[in-house]
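Q: Dumping the structure here so I can ask a few things about it.
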Amino acid sequence: ADAYGHGVQYIAPALDKAGAAWFGVSNIEEALQLRSLKITKPILIFGYTPPEMAKTLADHDISQAMFSEEYARLLSKEAVLHHVQVKIHFKIDTGMSRLGFLLHDPSQTASVAGEIASLCTLPGLKTEGIFTHFASADYDGDQDGSFTENQFSLFQAVTEALGQRGVVFAIKHCCNSAGTIVFHQMHLDMIRPGIILYGLCPAKELTGRVDLRPVMELKSVVSMVKTIESGASVSYGRTYRSDREMKVATIPIGYADGYSRLLSGKADILIGGKRARVIGRICMDQMVVDVSDIEDVYEGQIVTIFGTDKDETVTIEEVSALVGTINYETVCLIGKRVPRVFFEKGKQTGQINYIYDGR
């Protein structure tokens, strides 16, 4: 997801330099993008790849999640057709009810192990790893961690059953960000941190468990400042009318940039280290804020949509809560019109312009 909306062109090389051993992606397009960025480390696709792309997977040394017998046989057929071997990681569904070989009850262990053992003999496939994914390691809907512990127990049981059949996996993995923080005993051979790489906590229940600092701040500028009279309406639908003479500022960011229309009349932004409330409906490209109590607001002034300005902070979690969502979604939905500007030790080191890069 473009490094959770942060800009994979810079994030991936930074993680590579920092020592990441593997990279995980959702689809083959994201995997190929990493290869185009000169990432040579192993890459695992967690989602579906059309079987007819078996040769592409092999040619670019990309590993594929294997989640069903039908898919295994189709991928094997295509790999044999093209005289290649595709590396695979078997996915066990221990409680997400999403992709994976269904294993929600211990009574299913033997049959699942038998099925996977049989599939390991298919030509054109090279077994590399096995994994599962936790549904509530962040304690959301699992207050005592028992569901996660049960998922892990099921996963351990099937890997042991496979071992008894002579099938041993080089890499076993199951921990997402929350699992990495909470369940150290479940780290196994590899962990799969996601949101915490960007300094964001997977859930409010885990706040303070590790020291995290958000990587992303969202900025814009003041495009115009004006004074409106009492009774003036603001933005589409005239849902907001001033009850006094007000000073307002227009900000050139809107829902097309990922700043939800549902934040209309609810959210604050920061100007000069002070909060300014969004008034009226957020438009596709612009919004209006009340700056009556902020002195010296001027056109071209930098504003903070979320992040820190002086002693005040608007967190991503605050913005997310106002629209009933999570920090994951908020950062992932920042639009492609918004340039990603990268800083290291206070100095700008790069910028991504998705719409037009000047060439």
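For the sequence shown, the residue numbers in the numbering used here are 21 to 379.
Note that CB positions come from ideal geometry on N, CA and C, so glycine has one too.
Does R118 pass the burial test, meaning 16 or more other C-beta atoms within 10 Å, or should it be called exposed?
A: What you label residue 118 is simply residue 98 of the sequence shown in a count that begins at 1. That one is exposed.
Q: Sorted by chain position, which residues of the same chain lie with C-beta nearer than 7 Å to G274's C-beta, five sequence neighbours on each side aside?
A: By one-based count along the sequence shown, residue 274 stands at place 254. Counting only Cβ-Cβ distances below 7 Å, and skipping sequence neighbours, we find I302, C303, M304, D305, Q306, M307.
Q: Can you tell me whether H204 is buried or exposed, with buried defined as 16 or more other CB within 10 angstroms of its CB?
A: Counted from its first residue, the sequence shown places residue 204 at position 184. Flag for H204 reads exposed.
Q: To the nearest whole angstrom, what separates the beta carbons of I211 and I150, a pair I think is in contact under 8 Å?
A: Residue mapping note: residue 211 aligns to position 191 of the sequence shown, counting from 1. Residue mapping note: residue 150 aligns to position 130 of the sequence shown, counting from 1. So it is not a contact: roughly 15 Å between Cβ atoms.
Q: Check the DSSP bridge columns for Y260 and list the partner residues they point to.
A: On the sequence shown, residue 260 is found 240 positions in, with the first residue counted as 1. DSSP, once it has assigned bridges, lists V254 as partnering Y260.
Q: Taking C-alpha atoms, which residue in G278, S312, S280 lies nearest to K294?
A: Taking the sequence shown and counting its residues from 1, the one referred to as residue 294 is at position 274. Answer by Cα proximity: S312.
Q: Let me check one thing: in DSSP terms, what residues is D288 bridge-paired to?
A: Residue numbering aside, residue 288 sits at position 268 when the sequence shown is read from its first letter. The partner list for D288 (beta bridge, DSSP) reads R297.
Q: Do A74 and L95 have their CB atoms nearer than 8 Å?
A: The residue labelled residue 74 in the question sits at position 54 within the sequence shown. The residue labelled residue 95 in the question sits at position 75 within the sequence shown. Yes, Cβ-Cβ distance for A74 and L95 is below 8 Å.
Q: Provide the residue span of the alpha helix (DSSP H) that contains L232, from first to last.
A: For the purposes of this step, residue 232 is identified with residue 212 of the sequence shown, where counting begins at 1. Note, L232: premise wrong, no alpha helix (DSSP H); not H, not E.
Q: Take F175 as the anchor and find which of L208, R185, Y159, I201 has the nearest alpha-carbon.
A: Taking the first residue of the sequence shown as position 1, residue 175 is located at position 155. Among L208, R185, Y159, I201, the Cα nearest to that of F175 is on L208.
Q: Helix or strand or just coil, what does DSSP make of Q15?
A: Outside the displayed span of the chain (21 to 379) sits residue 15, for which this structure offers no information.
Q: Hey, could you find the ends of the beta strand (DSSP E) K239 is sitting in?
A: For the purposes of this step, residue 239 is taken as residue 219 along the sequence shown, with counting starting at 1. Counting along the chain, the beta strand (DSSP E) containing K239 begins and ends at 238-241.
Q: Roughly how many angstroms lie between the CA atoms of F66 and V45, to the nearest whole one?
A: Numbered from its first residue, the sequence shown carries residue 66 at position 46. Numbered from its first residue, the sequence shown carries residue 45 at position 25. Spanning the two alpha carbons is a distance of roughly 6 Å.
Q: Scan the region 188-222 and note each continuous beta strand (DSSP E) run of 3 residues or more that stays entirely inside, going in chain order.
A: Those beta strand (DSSP E) runs which fall completely within the region 188-222 and span 3+ residues are 191-195.
Q: Closest by CA to I136, which one among L232, D125, G186?
A: Start at 1 with the first residue of the sequence shown, and residue 136 comes out as number 116. Checking every option, the nearest Cα to that of I136 belongs to G186.
Q: Is DSSP giving M304 helix, strand or coil here?
A: The residue you call residue 304 lines up with position 284 of the sequence shown. In the structure shown, M304 sits in coil (DSSP, three-state: anything other than H, G, I, E or B).
Q: Just grab the DSSP bridge partners of A8 for me.
A: With the chain covering only 21 through 379, there is no way to say anything about residue 8.
Q: Using DSSP's beta-bridge definition, name the partner residues of G370.
A: As a first step, residue 370 is located in the sequence shown; it is residue number 350 there, counting from the start. Per DSSP, F362.
Q: Excluding five sequence neighbours on each side, which residues of the same chain lie with their C-beta closer than 6 Å to the C-beta of G278?
A: Taking the first residue of the sequence shown as position 1, residue 278 is located at position 258. Here the set comprises L353, I354, G355.
Q: How would you label Y91, buried or exposed, when you count the other beta carbons within 10 angstroms and need 16 or more for buried?
A: Walking along the sequence shown from the start, residue 91 turns up at place 71. Buried.
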